[in-house]
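A.B. asks: Sharing a structure with you now.
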Amino acid sequence: MSLIHARGPARIDANLTPMIDLSFLLIVFFILVARMSGDQLPPISLPHPSHGAMTPASNAPRMALNVVDEGGGPIITLGTRRFGGTENSIEDLAKAIEQRLRVDPATSVDIRADRSLPYAAVEPALRAIAKANGALGGKVRVRVCALADSGGEGG
Amino acid sequence: MDRRRSATGMRSALSITPMIDVVFLLLVFFICTVHFERREEVFTTDLPQRGSTADPLALRDPPITIEVGATSSSGCTIALRAEGAPAQVQGFDELASVLGALRRRAGDYGLYESTHQVLVVPSRDSSWQDSVDAFNAAVRAGFANIGFSEIRK
Chain A
21 MSLIHARGPA
31 RIDANLTPMI
41 DLSFLLIVFF
51 ILVARMSGDQ
61 LPPISLPHPS
71 HGAMTPASNA
81 PRMALNVVDE
91 GGGPIITLGT
101 RRFGGTENSI
111 EDLAKAIEQR
121 LRVDPATSVD
131 IRADRSLPYA
141 AVEPALRAIA
151 KANGALGGKV
161 RVRVCALADS
171 GGEGG
Chain B
250 MDRRRSATGM
260 RSALSITPMI
270 DVVFLLLVFF
280 ICTVHFERRE
290 EVFTTDLPQR
300 GSTADPLALR
310 DPPITIEVGA
320 TSSSGCTIAL
330 RAEGAPAQVQ
340 GFDELASVLG
350 ALRRRAGDYG
360 LYESTHQVLV
370 VPSRDSSWQD
380 SVDAFNAAVR
390 AGFANIGFSE
400 IRK
């Protein structure tokens, strides 16, 4: 009797454990990346002017200052850091902007603010950028973000 | 004859069920989390002027100022401070056309160069939407040196 018949038919099974491990690693990676990008650019109802004359945002490095109201009054976020509208907070924000711009001076500072907020909520962000600009010798590039398509609410 | 069965009678079975499970989980995950954002574009703006950086001896023409009033259910008021312009304008389209008429072009007699400073002066309670609309009107009119002002205290 041959050996093959003595042991029964041989089976080749692929070990799927590494593939499943890798898949879970991918899922965790995407979850983390999604959270990080959300911190940088949270969903905001940006202004959408009718007949908008904006220019497309380039792929140059950008720093987004987000102005949102989460129920407890307007706040300004820069990455994961959050700032209020007090003078001390504006000083801290100006220092944070200045530090980042010293590392990469080519970075544009983008203001992303909810369209329904009053100007008084957005103006502290402008003042903080102006302070950082003064410390850096007036080289800061500031941009205001808006939605490209005209929705008809403006005007 | 079964293709997976070799000539010796051995059978290699690859179970792809877990892989399909994982792929479908990924698919459902991304379908649930995706949202289509509208395209975001930018205006380049000037910062609020600070006296320390400006040359105190420089002679400067006063800027064109666009005062945006508080936003109400009927919209907002728009006041224009510039030579040869009506004090009040109705809506941002009219603002853009009035500013466009003020700008000097080749061969005509507009009062202001396109590099003349334009200052958007929103009130505390005017919405960011209206402030950006006023800014957009100045860009549409062809001005290039536009900024927001600080809130006057």
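Taken in order, these protein sequences are the chains called A and B.
Residue numbering for the first sequence follows our numbering, beginning at 21 and increasing consecutively.
Residue numbering for the second sequence follows our numbering, beginning at 250 and increasing consecutively.
C-beta: ideal position from N, C-alpha, C; glycine also.
If we count Cβ pairs, one from each stretch, closer than 8 Å, do we get three or more for the segment 262-275 of chain B versus the segment 328-348 of chain B?
C.D. replies: No, they do not touch.
A.B. asks: Closer than 9 Å, Cβ to any Cβ of chain B: which residues of the segment 116-145 of chain A, in chain order?
C.D. replies: From the segment 116-145 of chain A, only SER128, ASP130, ILE131, ARG132, ALA133, ASP134, ARG135, SER136, LEU137, PRO138, TYR139, ALA140, ALA141, VAL142, GLU143 have a Cβ closer than 9 Å to chain B.
A.B. asks: Are the beta-carbon atoms of B/THR320 and B/GLN337 separated by less than 8 Å?
C.D. replies: Along the second sequence, read from residue 1 onward, the residue named residue 320 of chain B stands at position 71. Along the second sequence, read from residue 1 onward, the residue named residue 337 of chain B stands at position 88. In this structure, B/GLN337 does not lie closer than 8 Å to B/THR320 by Cβ.
A.B. asks: Residues of chain C with CB closer than 7 Å to the CB of A/ILE40, please, in chain order.
C.D. replies: Absence of chain C from the displayed structure is noted, the protein chains being A and B.
A.B. asks: I think B/PHE384 touches B/PHE292, with their Cβ atoms under 8 Å apart; what is that distance to the nearest whole Å?
C.D. replies: Sequence index remark: in the second sequence, residue 384 of chain B carries index 135 (1-based). Sequence index remark: in the second sequence, residue 292 of chain B carries index 43 (1-based). At roughly 6 Å, the Cβ-Cβ gap stays under 8 Å, so B/PHE384 and B/PHE292 are in contact.
A.B. asks: Please list, in chain order, all residues of the same chain as B/THR314 whose beta carbon is under 7 Å from its beta carbon, the five residues on each side excluded.
C.D. replies: Taking the second sequence and counting its residues from 1, the one referred to as residue 314 of chain B is at position 65. The residues are ARG330, LEU368, VAL370.
A.B. asks: My parser needs the beta strand (DSSP E) runs of 3 or more residues fully inside the segment 108-134 of chain A; what are they?
C.D. replies: Fully enclosed beta strand (DSSP E) runs of 3 or longer: 128-133.
A.B. asks: Would you call the CB atoms of A/SER143 and B/GLU316 closer than 8 Å?
C.D. replies: What you label residue 143 of chain A is simply residue 123 of the first sequence in a count that begins at 1. What you label residue 316 of chain B is simply residue 67 of the second sequence in a count that begins at 1. Here residue 143 of chain A is Glu; the residue named in the question, Ser, does not match the sequence. For A/GLU143 and B/GLU316, no; Cβs fall outside 8 Å.
A.B. asks: Please state whether DSSP places B/GLN378 in a helix, a strand or coil.
C.D. replies: The residue you call residue 378 of chain B lines up with position 129 of the second sequence. Helix at B/GLN378.
A.B. asks: CB-CB under 7 Å to A/ARG147, same chain, minus the five flanking residues each way: which ones, in chain order?
C.D. replies: Here the question's residue 147 of chain A lines up with position 127 in the first sequence. Cβ neighbours of A/ARG147 beyond the five flanking positions: ILE110.
A.B. asks: Determine the closest residue to A/LEU167 out of A/LEU45, A/ILE64, A/ARG31, with distance taken between C-alpha atoms.
C.D. replies: Sequence index remark: in the first sequence, residue 167 of chain A carries index 147 (1-based). Among A/LEU45, A/ILE64, A/ARG31, the Cα nearest to that of A/LEU167 is on A/ILE64.
A.B. asks: Nearest-angstrom Cα distance between A/ILE47 and A/ARG102?
C.D. replies: Counting from one through the first sequence, the residue named residue 47 of chain A turns up at place 27. Counting from one through the first sequence, the residue named residue 102 of chain A turns up at place 82. About 28 Å.
A.B. asks: Please report the residue range of the beta strand (DSSP E) in which A/ASP89 lies.
C.D. replies: Taking the first residue of the first sequence as 1, we reach residue 89 of chain A at position 69. Counting along the chain, the beta strand (DSSP E) containing A/ASP89 begins and ends at 82-89.
A.B. asks: Following a CB-centred definition, is A/ALA148 positioned closer than 7 Å to any heavy atom of the ligand MG?
C.D. replies: The model on display carries no ligand, and the ligand MG is accordingly not part of it.
A.B. asks: In chain order, what residues of the segment 334-354 of chain B put their CB closer than 9 Å to some CB of chain A?
C.D. replies: Here the close residues are GLY340, PHE341, ASP342, ALA345.
A.B. asks: Given 8 Å as the limit, is there contact between the segment 115-133 of chain A and the segment 356-363 of chain B, that is, 3 or more CB pairs closer than that?
C.D. replies: Counting Cβ pairs under 8 Å, fewer than three are found: no touch.
A.B. asks: Let me see if you follow: with CB-CB separation under 8 Å, is A/VAL162 close to chain B or not?
C.D. replies: In the first sequence, the residue the question calls residue 162 of chain A occupies position 142. Closer than 8 Å: yes.
A.B. asks: Report all residues from its chain with a CB closer than 6 Å to the CB of B/THR294; omit the five preceding and five following residues, and keep chain order.
C.D. replies: In the second sequence, counting from the first residue as 1, residue 294 of chain B sits at position 45. Taken in chain order, the residues that qualify are GLY396.
A.B. asks: With a cut-off of 8 Å, does the C-beta of A/ILE94 fall near any C-beta of chain B?
C.D. replies: Counting from one through the first sequence, the residue named residue 94 of chain A turns up at place 74. A small fix is needed here, since residue 94 of chain A is Pro in this sequence, not Ile. With 8 Å as the cut-off, A/PRO94 does not count as an interface residue toward chain B.
A.B. asks: Counting C-beta neighbours from all protein chains within 10 Å, is the total for A/CYS165 16 or more, i.e. buried, or is it exposed?
C.D. replies: The residue labelled residue 165 of chain A in the question sits at position 145 within the first sequence. With 16 or more Cβ atoms within 10 Å of its Cβ, A/CYS165 is classed as buried.
A.B. asks: Under 8 Å by Cβ, that's how I've got A/ALA84 and A/ARG132 pegged, so tell me the actual separation to the nearest angstrom.
C.D. replies: For the purposes of this step, residue 84 of chain A is identified with residue 64 of the first sequence, where counting begins at 1. For the purposes of this step, residue 132 of chain A is identified with residue 112 of the first sequence, where counting begins at 1. Sure, about 5 Å apart at Cβ, within 8 Å.
A.B. asks: Measuring alpha carbon to alpha carbon, tell me which of B/GLY318, B/ARG352, B/GLN339 ends up nearest B/ARG388.
C.D. replies: Against the second sequence, residue 388 of chain B aligns to sequence position 139. According to the sequence provided, residue 388 of chain B is Val. The question's Arg does not apply to it. That would be B/ARG352, whose Cα lies nearest to the Cα of B/VAL388.
A.B. asks: Quick one: using the 10 Å Cβ neighbour count with 16 as the cut-off for buried, is A/VAL162 buried or exposed?
C.D. replies: For the purposes of this step, residue 162 of chain A is taken as the residue at position 142 of the first sequence. Answer is buried; the Cβ neighbour count reaches 16.
A.B. asks: Beta-carbon of A/SER7 versus every beta-carbon of chain B: anything under 8 Å?
C.D. replies: The requested residue 7 of chain A does not occur in the structure, where chain A is confined to residues 21 to 175.
A.B. asks: A/PRO144 lies in the alpha helix (DSSP H); which residues open and close that run?
C.D. replies: As a first step, residue 144 of chain A must be located in the first sequence, where it is residue number 124. Segment 139-155, the alpha helix (DSSP H) holding A/PRO144.
A.B. asks: When the cut-off is 8 Å and only beta carbons count, does B/ARG373 lie next to chain A?
C.D. replies: To locate residue 373 of chain B, count along the second sequence from 1; it is residue 124. Chain A contact via Cβ: present.
A.B. asks: Below 8 Å on the Cβ atoms is my contact criterion, and I expect A/PRO69 with B/VAL381 to pass it. Report the Cβ-Cβ distance as a whole number of Å.
C.D. replies: Translated into positions along the first sequence, residue 69 of chain A becomes position 49. Translated into positions along the second sequence, residue 381 of chain B becomes position 132. Right, their Cβ atoms sit about 6 Å apart.
A.B. asks: Could you say which of A/ARG31, A/ASP89, A/GLY99 lies nearest to A/LEU66 if we only look at CA atoms?
C.D. replies: Working through the first sequence from its first residue, we reach residue 66 of chain A at position 46. Selected option, being the one with the closest Cα: A/ASP89.
A.B. asks: Determine the direct distance from the alpha carbon of B/ILE269 to that of A/ARG31, and round the result to whole angstroms.
C.D. replies: Walking along the first sequence from the start, residue 31 of chain A turns up at place 11. Walking along the second sequence from the start, residue 269 of chain B turns up at place 20. Cα-Cα distance, rounded: 22 Å.
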